[in-house]
């Protein structure tokens, strides 16, 4: 990006530019296919993700780089785009040692409209996205700004005025509330209603909760297959209320929700991060499966469930269910453990998906099913319930490193024994009842098609009345299977279902990977719900 003279075009002086020392006009040349201009953009691997981004470091106008911005500052600037393409914009700070960057929130700046950008500065880590996501000290300096877009620019050049960077006033509080524990998202009384529940926060200065809704169109467009959530919440409810009914939603669609908490700080309220996203597909069908998210290693660089939600898993499960013409609700394991959601509500025509995978964060491989939920799962299966569970480290957690009770649950309820952990392969040769999807792969590259990284899995040995199916290639030295199943009630996959995809590398499309997961899940559903015997001849064949 090339910095201009610092003097905005005369035509705009009267309409939007506030002259001052912290002002300038900046021109950038996009690199567009077929257009030779400007700086190279950042692009996703193998062309599967594509976006244009650039950070401009402001060495001049004089005095700008030496402006200190204490925590709590209400940092603002005036922005005007002179060319046709709108972008997302954020100011960028750097710590006093001139090493660590932090960016503010990305805000969409429409072309040709004067916009005031605002950032209540704190030393909290920004979302890991594009550039500048580290902790910085309490007296950072203004480094510059960032522009970003996921829409291919229409013009080969980009011109932006960034003017009057200033501190408006002090913030009364820069500490956001803790993220609410989201419990469940279920269909309401009508097919256009969703009921969202969460546990209440305890902060004395809590003002409200915000509930956001996204659909499939808002997933997969950004780095690491993350959501692009709407900037405006679908609902805001006052503190003290722990659920909301969203009305007039789109039936038959996959809809995803997240919940944040907001305090009463001034001049700008602080909003918490969110934990995990939940999903629901509403409709007129009476059969509704349940997806339970029990993912302890939550984010790519933070295994702490309390700080960040890993929002991919519900999408991979929800899309696969929808492709098999199923409707579903979802909840977190916290909802099951507090009896906010009961497994006994799942009837004989429905089944539970228990997602116990990991994305390779710092908690790996420590995820486990809590003892209370082990008891609930055992009772559910004893009562005839149907369960599909997947995890690439559940055996090591429960069977190898677990308590006697953990081992009993693993060996007698899941009816599995761990042959070997972390098989060094990402290829599974499906066979028998689960053969229709052929060969499936697990995602070693978090940027492509799968939720999280890692090519490892666990090789399983059936116990009790269970059977083994499908193998890893190359086979681990201890043998075993990729799948254990029994009684038309349980299918246990020794690798995260969300990691499955169609190819062994970064080629293809996300849609192809989703289709592969849906095909495999179709075999699971066919096993859990076998076709009824209708005649003597059919019975002889079936037997």
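In the working numbering, the protein residues as written are 1293 to 1835.
Just so you know, even glycine gets a beta-carbon here, dropped at the ideal spot from N, CA and C.
Remember, predicted model here, so these are calculated numbers, not experimental data.
Unbroken beta strand (DSSP E) run spanning residue i, endpoints
i: residue 1572; result: 1570–1573
i: residue 1809; result: Residue 1809 -> not in any beta strand (DSSP E); alpha helix (DSSP H) instead, spanning 1802–1820.
i: residue 1438; result: 1433–1441
i: residue 1760; result: 1759–1761
i: residue 1722; result: Element bounds for residue 1722: n/a, residue is neither H nor E.
i: residue 1695; result: First-last for residue 1695: undefined, no H or E at that position.
i: residue 1712; result: 1708–1713
i: residue 1586; result: Run containing residue 1586: none; DSSP gives neither H nor E here.
i: residue 1776; result: 1775–1778
i: residue 1482; result: Per DSSP, residue 1482 belongs to no beta strand (DSSP E) and is neither H nor E.
i: residue 1411; result: 1407–1412
i: residue 1372; result: 1365–1373
Three-state secondary structure assigned by DSSP to residue i
i: residue 1580; result: strand
i: residue 1688; result: helix
i: residue 1549; result: strand
i: residue 1455; result: strand
i: residue 1664; result: helix
i: residue 1755; result: coil
i: residue 1332; result: The predicted position of residue 1332 is uncertain, since its pLDDT is 40 and thus under 50; no value can be drawn from it.
i: residue 1380; result: strand
i: residue 1643; result: coil
i: residue 1671; result: helix
i: residue 1625; result: helix
i: residue 1705; result: helix
i: residue 1277; result: In this structure the chain extends from 1293 to 1835, so residue 1277 is not present and cannot be described.
i: residue 1824; result: coil
i: residue 1637; result: helix
i: residue 1799; result: coil
i: residue 1535; result: strand
i: residue 1567; result: coil
i: residue 1398; result: coil
i: residue 1475; result: strand
Exposure label - residue i; buried when at least 16 CB within 10 Å
i: residue 1804; result: exposed
i: residue 1566; result: buried
i: residue 1445; result: buried
i: residue 1750; result: buried
i: residue 1696; result: exposed
i: residue 1325; result: Its pLDDT being 43, under 50, residue 1325 is placed unreliably in this model, and the value from its coordinates should be taken loosely. Its Cβ having fewer than 16 others within 10 Å, residue 1325 is exposed.
i: residue 1443; result: exposed
i: residue 1664; result: exposed
i: residue 1577; result: exposed
i: residue 1758; result: buried
i: residue 1899; result: The displayed coordinates of the chain run from 1293 to 1835. Any statement about residue 1899 would go beyond what the structure contains.
i: residue 1786; result: buried
Sub-9 Å separation of residue i and residue j beta-carbons
i: residue 1523; j: residue 1441; result: no
i: residue 1474; j: residue 1393; result: no
i: residue 1773; j: residue 1752; result: yes
i: residue 1469; j: residue 1563; result: yes
i: residue 1712; j: residue 1768; result: yes
i: residue 1726; j: residue 1783; result: yes
i: residue 1488; j: residue 1528; result: no
i: residue 1370; j: residue 1453; result: yes
i: residue 1707; j: residue 1754; result: yes
i: residue 1629; j: residue 1662; result: yes
i: residue 1843; j: residue 1396; result: No answer is possible for residue 1843: the residues shown for the chain start at 1293 and end at 1835.
i: residue 1368; j: residue 1408; result: yes
i: residue 1608; j: residue 1551; result: no
i: residue 1806; j: residue 1612; result: yes
i: residue 1678; j: residue 1780; result: yes
i: residue 1813; j: residue 1763; result: no
Residue closest to residue i, alpha-carbon to alpha-carbon, out of the options
i: residue 1636; options: 1711, 1673 and 1551; result: 1673
i: residue 1724; options: 1614, 1675, 1733 and 1761; result: 1761
i: residue 1538; options: 1560, 1511, 1506 and 1531; result: 1506
i: residue 1625; options: 1618, 1617, 1641 and 1667; result: 1667
i: residue 1362; options: 1404, 1750, 1434 and 1377; result: 1434
i: residue 1347; options: 1613, 1438 and 1371; result: 1438
i: residue 1579; options: 1642, 1412 and 1789; result: 1642
i: residue 1620; options: 1511, 1664 and 1483; result: 1483
i: residue 1462; options: 1504, 1414, 1400 and 1366; result: 1366
i: residue 1384; options: 1457, 1733 and 1679; result: 1457
i: residue 1486; options: 1460, 1547 and 1521; result: 1547
i: residue 1756; options: 1703, 1806 and 1720; result: 1703
i: residue 1541; options: 1478, 1587 and 1694; result: 1478
i: residue 1559; options: 1645, 1634, 1613 and 1459; result: 1459
i: residue 1585; options: 1544, 1556 and 1606; result: 1606
Where the alpha helix (DSSP H) through residue i begins and ends
i: residue 1607; result: 1605–1615
i: residue 1503; result: Looking at the DSSP string, residue 1503 is not in any alpha helix (DSSP H); the run it does join, the beta strand (DSSP E), is 1498–1507.
i: residue 1633; result: That residue, residue 1633, is in no alpha helix (DSSP H); it is neither H nor E in DSSP.
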